[in-house]
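As structure tokens, the structure follows; a few thoughts come after it.
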Amino acid sequence: MIFDFSELDRARRTKLLLSTVVPRPIAWVTTQDAAGRVNAAPFSFFNLLSSDPPILGLGIAPREGAEKDTAANIRAGGQFVVNLVSMALAPAMNMTAVDFGAGVEELQQAGLEAAPSHRVTPPRIAEAPVSLECQAMTLLPQPSGSLIVLGEVLALHIAEDNLLDAERCYVDTPALDLIGRLHGGGWYTQTRLPGAFEMPRLPTPANLAAPEGR
Ligand SMILES: Cc1cc2nc3c(=O)[nH]c(=O)nc-3n(C[C@H](O)[C@H](O)[C@H](O)COP(=O)(O)O)c2cc1C
Numbered sequence: 152m153i154f155d156f157s158e159l160d161r162a163r164r165t166k167l168l169l170s171t172v173v174p175r176p177i178a179w180v181t182t183q184d185a186a187g188r189v190n191a192a193p194f195s196f197f198n199l200l201s202s203d204p205p206i207l208g209l210g211i212a213p214r215e216g217a218e219k220d221t222a223a224n225i226r227a228g229g230q231f232v233v234n235l236v237s238m239a240l241a242p243a244m245n246m247t248a249v250d251f252g253a254g255v256e257e258l259q260q261a262g263l264e265a266a267p268s269h270r271v272t273p274p275r276i277a278e279a280p281v282s283l284e285c286q287a288m289t290l291l292p293q294p295s296g297s298l299i300v301l302g303e304v305l306a307l308h309i310a311e312d313n314l315l316d317a318e319r320c321y322v323d324t325p326a327l328d329l330i331g332r333l334h335g336g337g338w339y340t341q342t343r344l345p346g347a348f349e350m351p352r353l354p355t356p357a358n359l360a361a362p363e364g365r
């Protein structure tokens, strides 16, 4: 069966996309408003788009036609922190997705601590295993009210316990125990065994390798 998106309404397109493009990593985004109030919310329209330059992308939908606090804060302040979510932090992340209304600090509601960032004004989530400090580089407002954000990563925080070799930047990724978003209203996946598996890249066959000197 083929679904032609030009013949589908928004709700049907969304259902098809969210239940097939899985798993999606979760950006647990902290921002700050002009009064210095810290906002936190999860976004699974998220991924790393490039490592050189280090760019990640976020998609922030509107809520009942109005801009979400995260989108408003990024547009106003230009900076944000993407914190990653471990299995242990899943319930707290879910709590910060509740629509508490502008001005309510989700981190307090979820019993979390803010920790100072290194290069940007918004703080990171102290409990998060990894935090990426970002400068918004391109904002792409959509006619639907969604805001697509491209951000440059300026700094990365990671607990030393999760590093195998700091000098060589070897991370103990399974130890991060990150989760991803799946289908439906509330399905998630873990990134560790037994779901994780290894498949080394294949070498290029000799007869297809580029001639020497090219
Ligand atoms: C796991 C998860 C992923 C989410 N992903 C998105 C997303 O990609 N885009 C979006 O607009 N909302 C997403 N949401 C909903 C927002 O987190 C929610 O609307 C939140 O209240 C926005 O907060 P804010 O107004 O403080 O920015 C997600 C919620 C959860 C629980």
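Counted from 1, the sequence shown has number 227 at position 76 by the working numbering; the numbering is strictly sequential. Ideal placement from N, C-alpha and C gives every residue a C-beta, glycine not left out.
_Tell me the residue span of the beta strand (DSSP E) that contains N234._
That run of the beta strand (DSSP E) goes 230-234.
*asked:* Using a Cβ-based criterion (distance less than 7 Å to any ligand heavy atom), does A192 qualify as near ligand 1?
replied: Checking the 7 Å criterion, the Cβ of A192 is within range of a heavy atom belonging to ligand 1.
*Under the three-state DSSP convention, the category Q293 falls into*: Three-state DSSP puts Q293 in coil, outside helix and strand.
*asked:* Can you check which of these residues, N313, A266, F194, F197, is closest to D328 by C-alpha distance?
replied: With distances taken between Cα atoms, D328 lies closest to N313.
*Enumerate in chain order the residues of its own chain whose CB-to-CB distance from A241 is below 7 Å, with the five nearest sequence positions on each side excluded.*
Hits under 7 Å: I330, Y339.
_On the criterion of 16 or more Cβ atoms from any shown chain inside 10 Å, does F154 qualify as buried, or is it exposed?_
Under a 10 Å Cβ-count criterion, F154 is classified as exposed, with fewer than 16 other Cβ atoms of the shown protein chains found around its own Cβ.
_With H, G and I counted as helix, E and B as strand and the rest as coil, what does DSSP make of T247?_
Three-state DSSP puts T247 in coil, outside helix and strand.
*May I ask which residues mark the beginning and end of the beta strand (DSSP E) holding A332?*
The sequence as given places Arg at residue 332; Ala does not occur at that position. It spans 330-332 - the beta strand (DSSP E) in which R332 sits, taken as one unbroken run.
*Proximity test, T181 beta-carbon vs ligand 1 heavy atom, cut-off 7 Å*: T181 has its Cβ no nearer than 7 Å to any heavy atom of ligand 1.
*Helix, strand or coil: which one does DSSP assign to E158?*
In this structure, E158 counts as helix in the three-state DSSP scheme.
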